Amino acid sequence: MRLATWNVNSVRSRVDRAVAFLERTGTDVLALQETKCRDDQFPRAAFEAAGYEVATFGFSQWNGVALVSRVGLDDVERGFPTQPGFGEAPGPEARAIGATCGGVRVWSLYVPHGRAVGDPHYRYKLAWLDALRTQAQGWLDPATGDPDAAVALVGDWNVAPRDTDVWDLAVFADQTHITPPERAAFAAFESAGYTEVTRVHVPQDRRYTYWDYQRLRFPRDEGMRIDFAYVSPAVAARTTAVSIERVERKGKAPSDHVPVVLDLADTGARTGADGSADAAADAA
DNA sequence: ATGACTCATTACATGAGA
Numbered sequence: 059m060r061l062a063t064w065n066v067n068s069v070r071s072r073v074d075r076a077v078a079f080l081e082r083t084g085t086d087v088l089a090l091q092e093t094k095c096r097d098d099q100f101p102r103a104a105f106e107a108a109g110y111e112v113a114t115f116g117f118s119q120w121n122g123v124a125l126v127s128r129v130g131l132d133d134v135e136r137g138f139p140t141q142p143g144f145g146e147a148p149g150p151e152a153r154a155i156g157a158t159c160g161g162v163r164v165w166s167l168y169v170p171h172g173r174a175v176g177d178p179h180y181r182y183k184l185a186w187l188d189a190l191r192t193q194a195q196g197w198l199d200p201a202t203g204d205p206d207a208a209v210a211l212v213g214d215w216n217v218a219p220r221d222t223d224v225w226d227l228a229v230f231a232d233q234t235h236i237t238p239p240e241r242a243a244f245a246a247f248e249s250a251g252y253t254e255v256t257r258v259h260v261p262q263d264r265r266y267t268y269w270d271y272q273r274l275r276f277p278r279d280e281g282m283r284i285d286f287a288y289v290s291p292a293v294a295a296r297t298t299a300v301s302i303e304r305v306e307r308k309g310k311a312p313s314d315h316v317p318v319v320l321d322l323a324d325t326g327a328r329t330g331a332d333g334s335a336d337a338a339a340d341a342a
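Positions 59 to 342 (this note's numbering) are the ones given, in order, by the first sequence.
Okay, structure coming up:
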């Protein structure tokens with residue numbers, strides 16, 4: 059199974075690119091962030107015509123997440139339990155959607171930006187990450203969940219975990235994304251039993267997933283690595299490769315983020331996404 | 001060239017993004 063995550067920065071502006079990406083890469087499950095539209099505005103027909111199911115979660119032009127799958131899309135959850143809200147708003151923002159796709163519980167996550175250190179949005183970001191970590195830990199706890207569960211937490215984490223995940227540390231000295239509390243909140247998922255597999259398979263420094271639109275950041279390769287995939291042990295064991303699709307930052311009207319693609323080895327009795335029958339089924 | 005922000009909105013200026 060091929061699983062990708064992409065902060066698409068408006069799905070309505072990028073729908074043709076997104077479908078072309080699915081077809082070019084043979085991606086089975088795509089987790090989208092920053093769709094920037096309500097559910098009724100989501101261009102689902104274009105994905106359905108390409109053979110995918112769609113589940114969306116969006117209230118307005120802000121935030122918005124979705125899951126697109128051709129290997130099943132079941133038990134959709136919009137928001138995670140205990141997900142914090144911001145300010146006076148009633149209920150959580152559209153920053154998390156989960157569904158079971160091809161046997162994997164996939165969560166498309168758009169972690170709050172934080173805006174500025176000390177800002178209410180910064181405290182919200184830390185609380186949001188902590189609440190998600192508590193939930194995710196419970197999903198693997200034998201008392202409340204299943205240690206063998208197949209879970210993938212993918213998306214835009216808005217944290218640069220290492221100094222080499224930003225192009226110039228000095229530029230970010232007083233800014234969000236690199237502060238110790240944010241990095242600690244991110245690292246806590248490791249303690250909760252998850253593995254950040256994009257780092258395992260792409261360990262090189264300065265392999266960015268985001269470049270600002272301004273000031274020639276992409277041509278100069280001045281970016282940030284902030285899109286990641288924390289997966290449970292069952293999924294980590296199946297992850298054979300990860301690709302940061304830098305080519306998607308090129309050409310006309312790109313998103314400022316690029317997709318990150320995970321290859322998961324099949325567990326067995328399932329028809330291949332390309333239509334090829336399982337070797338096991340052929341042998342039987 | 002991978003090129004000087006881009007997106008959305010009861011839009012024509014403003015907020016958000018990171």
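Just so you know, even glycine gets a beta-carbon here, dropped at the ideal spot from N, CA and C. Just so you know, these numbers come straight off a predicted model, no measurement behind them.
Outcome for residue i when other beta-carbon atoms lying within 10 angstroms are tallied against a minimum of 16
i    : result
P277 : exposed
Q91  : buried
A231 : exposed
V258 : exposed
T85  : buried
V305 : exposed
P139 : exposed
P261 : exposed
A323 : exposed
A157 : buried
P238 : exposed
D263 : exposed
S118 : exposed
P219 : buried
E240 : buried
K310 : exposed
K308 : exposed
A327 : Any reading at A327 is ruled out, since the residue's pLDDT is 46, under 50, leaving its predicted position unreliable.
Under the three-state DSSP convention, the category residue i falls into
i    : result
R60  : strand
A339 : At A339, the pLDDT of 38 sits below 50, so the modelled position is not reliable and the matter cannot be decided from this model.
G156 : strand
W165 : strand
A189 : helix
Cα-Cα separation between residue i and residue j, rounded to whole angstroms
i    : j    : result
A185 : R283 : 22 Å
G330 : R128 : The predicted model places G330 with a pLDDT of 44, which falls under 50 and marks its position as unreliable; any figure quoted below should be read in that light. Distance between the alpha carbons of G330 and R128 is about 11 Å.
D206 : S290 : 8 Å
E248 : A103 : 38 Å
V316 : T83  : 13 Å
G251 : Q195 : 7 Å
V164 : P178 : 29 Å
I302 : N65  : 13 Å
N216 : A108 : 30 Å
W197 : I236 : 28 Å
P312 : R70  : 12 Å
Stretch pair the region 265-273 + the region 182-194: three plus CB contacts closer than 8 Å: Cβ pair count under 8 Å is below three, so no.
Inter-stretch contact (C-beta, 8 Å, three-pair minimum) for the region 119-126 and the region 148-166: Cβ pair count under 8 Å is three or more, so yes.
Whole runs of the alpha helix (DSSP H) within the region 224-256, excluding any shorter than 4 residues: Here the runs fully enclosed are 238-249.
Segments of 4+ residues assigned as alpha helix (DSSP H) that fall wholly inside the region 87-122: Note on the region 87-122: whole alpha helix (DSSP H) runs with a minimum of 4 residues are 102-107, in chain order.
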